[in-house]
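Read the structure below first, then the notes.
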Amino acid sequence: MTPNTRLASYTPARWQLVTAAVAAIAAVSGSFAVAGLTQAFVGEPASSFVVDTTPAVVVNTVLETLGPLAQPASFLLALAIVTALLTATVLLALEIEVTAEIQYLAVPLTALSVWLLAAGTTGAALAAVAPALPATAVVGLVEYAAAHDPLSVRRDRTPDRAKRATLQAGFGTLSLAGIAYVAGRRRTPDSSVPFLEGGSRPPLGERRLLRAAESEAFDLPGAPGLVSEIGSFYTVDINTIDPIVEADDWRLSITGAVGDELTIDYDELRDQPTERFFSTLRCVGEGLNDREMDTAVWTGVPVSELLEDRDPDTDATVAVVHAVDGYWNTITRDELERLYLVYGMNGRVLPREHGHPVRLLVPGNWGEVNVKWVTEIELALEDRDGYWEERGWDGTGEVRTVAKLWSVDHHEDGRVTVGGHAYAGRRGVGAVEVSTDGGETWTDADLSADLSSESESESDLEAPDVWRQWRYTWEPADESEVLVRAIDGEGRLQPENESGSKPDGASGWVSRTIRPNP
Ligand SMILES: Nc1nc2c(c(=O)[nH]1)N[C@H]1C(S)=C(S)[C@@H](COP(=O)(O)O)O[C@H]1N2
Ligand SMILES: [Mo]
192 MTPNTRLASY
202 TPARWQLVTA
212 AVAAIAAVSG
222 SFAVAGLTQA
232 FVGEPASSFV
242 VDTTPAVVVN
252 TVLETLGPLA
262 QPASFLLALA
272 IVTALLTATV
282 LLALEIEVTA
292 EIQYLAVPLT
302 ALSVWLLAAG
312 TTGAALAAVA
322 PALPATAVVG
332 LVEYAAAHDP
342 LSVRRDRTPD
352 RAKRATLQAG
362 FGTLSLAGIA
372 YVAGRRRTPD
382 SSVPFLEGGS
392 RPPLGERRLL
402 RAAESEAFDL
412 PGAPGLVSEI
422 GSFYTVDINT
432 IDPIVEADDW
442 RLSITGAVGD
452 ELTIDYDELR
462 DQPTERFFST
472 LRCVGEGLND
482 REMDTAVWTG
492 VPVSELLEDR
502 DPDTDATVAV
512 VHAVDGYWNT
522 ITRDELERLY
532 LVYGMNGRVL
542 PREHGHPVRL
552 LVPGNWGEVN
562 VKWVTEIELA
572 LEDRDGYWEE
582 RGWDGTGEVR
592 TVAKLWSVDH
602 HEDGRVTVGG
612 HAYAGRRGVG
622 AVEVSTDGGE
632 TWTDADLSAD
642 LSSESESESD
652 LEAPDVWRQW
662 RYTWEPADES
672 EVLVRAIDGE
682 GRLQPENESG
692 SKPDGASGWV
702 SRTIRPNP
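Here the sequence shown is numbered in our numbering, starting from 192 and rising by one per residue.
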């Protein structure tokens, strides 16, 4: 068989186009399988291109009309762009082969051009092999099948071998895409969020804290460690689609009853003296044993540093904090003194869903005080209701004490370990007590280390608040009613009386019926 006859069977341009498109989809799939949603994924540069070049007006209109579908839609657009680019690349390779009349020339050309495109746009040379390989395989298989396989072609009603081979490769690629989706999802770290100082790991200070949390944590099946992973850390806000605020565009103004008004941008904030510390967030709206309570290592700047030589009006009793999404909240003067402007979470840049690029953190207070996507701190002489206070909540003060029962582990020998997390804000957790007889008798549970002393606080600010894990193991003779309660660092017992979360947080002791394993 001469190259010419084979190529003749290949001339219908649309089959070249289909082959190229199939190869492009295989490339995107291969890349996703290996890289997941990271910087090394070929879809990533197109995705940031879409985000960067779309004007804010368009973004907002799209957000309004598409609502929660806006994010997947823009991602699909990015995928379409990169698939089109790759298709054009492979098409060019096939075209060159036909023109040069060199059989199989398109195979190495595909390998080279897809790799170049992927490596050039992502900057990840090794990971760029992942899209290049499957694309090359598709082109190679189609060419090979088109050139050989006369027998099966004869049995086939389709006379065009190339068409048949292309369709086969297409089905193969579809299954590849399915597998790639699953594999890539696994590989997508919470960590498509870059590290604070770039590179491939958290900065040293944050790493020290993360390691401390890891080594001190109890292993409680079904419950988080002492630090919650980004991605499983709860999120609560008033938005269907969170705002996108680029670090370069971010400004914070401190206004109102302040001597010198002050505007600071992201770079200036990052030049300020930094602290890194553990702090737990808990939403006032959560049910007693729910999971809207998590802990991270935060990196940020104490606002007191910024205010120091601004001479704020001593009559200013409150500060109203405003955010990009229209959310606002009022904090007291005392809370202002111990407020942080946070830009890092677990050694990474603050993720979008947690307020990128900068949020507030008032350690020890309910979650709603910790305004995300913050834009303005307005010092004021009179108290003002915040967003949730206007809606009947009263959850801006210090958190209530709670012990959660999040983990039940049946051992083979019949013993059971129950465990969870206890939190009491800046009061700290002093003890956790467990009853296995419906509250008749109580025993101290094991407590994980108090991590607050590990926090790195250069200012005089008090070490911020952090939860502790508790666990208790016993051998239930029969069905037991397990109850758990915390005692804060000031010796105060978690209140027993039960109430729902509105307006100021759920109250009561968590209980659970445990049956011995049959
Ligand atoms: N800008 C803004 N900040 C916000 C909110 C919001 O809706 N908008 N929700 C608050 C509430 S009710 C809680 S519990 C915390 C949750 O923070 P997280 O999503 O980082 O866990 O954010 C607070 N900050
Ligand atoms: Mo909340």
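Every residue gets a Cβ at the ideal spot worked out from N, C-alpha and C, and that includes glycine.
Cα-Cα separation between ARG591 and SER692, rounded to whole angstroms: 11 Å
Under the three-state DSSP convention, the category ARG550 falls into: Correct three-state label for ARG550: strand.
beta-carbon GLY547 near ligand 1 non-hydrogen atom, thresh 7 Å: As written in the sequence, residue 547 is His, which differs from the Gly given in the question. For ligand 1, not one heavy atom lies less than 7 Å from the Cβ of HIS547.
C-alpha gap between LEU642 and ALA404, whole angstroms: 7 Å
TRP700, DSSP secondary structure in three states: coil
Strand pairing of ILE726, partner residues [DSSP]: An answer regarding residue 726 cannot be provided, because it is not within the stretch 192 to 709 covered by the chain.
Close Cβ partners of THR508 (< 8 Å) along its chain, the five nearest in sequence each way excluded: THR523, ARG524, ALA571, LEU572, GLU573, ASP574
Simplified DSSP assignment, three categories, for ARG392: coil
Assigned exposure category for GLU545 - 16 Cβ within 10 Å defines buried: Sequence inspection shows His at residue 545; the Glu mentioned does not correspond to that position. Buried, since its Cβ has 16 or more Cβ neighbours within 10 Å.
Chain-order list of residues whose beta-carbon lies under 7 Å from that of ASP695 (same chain, five-residue window excluded): VAL475, ASP585, GLY586
VAL675 vs ALA594 beta-carbon contact at 8 Å: Yes, Cβ-Cβ distance for VAL675 and ALA594 is below 8 Å.
Cα-Cα separation, PHE240 to ILE705: 54 Å
Check: GLU466 C-beta below 7 Å from any heavy atom of ligand 1: Distances taken from the Cβ of GLU466 to the heavy atoms of ligand 1 include none shorter than 7 Å.
Extent of the continuous alpha helix (DSSP H) to which GLU334 belongs: 320 to 338
Complete runs of the alpha helix (DSSP H) confined to the stretch 414 to 449 [at least 4 residues]: Counting only runs of 4 or more residues that sit fully inside the stretch 414 to 449, no alpha helix (DSSP H) segment turns up.
Within 8 Å, strictly: CB atoms of VAL623 and ALA615: no
Under 6 Å, CB to nearest heavy atom of ligand 2: contacting residues: VAL427, CYS474, VAL475, GLY476, GLY558, GLU559
C-alpha gap between VAL305 and ARG355, whole angstroms: Answer to the nearest angstrom: the Cα atoms are 24 Å apart.
Range covered by the beta strand (DSSP E) that runs through TYR295: Element bounds for TYR295: n/a, residue is neither H nor E.
Proximity winner among LEU332, THR446, ILE421, ASP628, relative to GLU666 (alpha-carbon distances): The shortest CA-to-CA distance from GLU666 to any of LEU332, THR446, ILE421, ASP628 is the one to ASP628.
Three-state secondary structure assigned by DSSP to ASP791: Nothing can be reported for residue 791: it is not among the residues displayed for the chain, which extend from 192 to 709.
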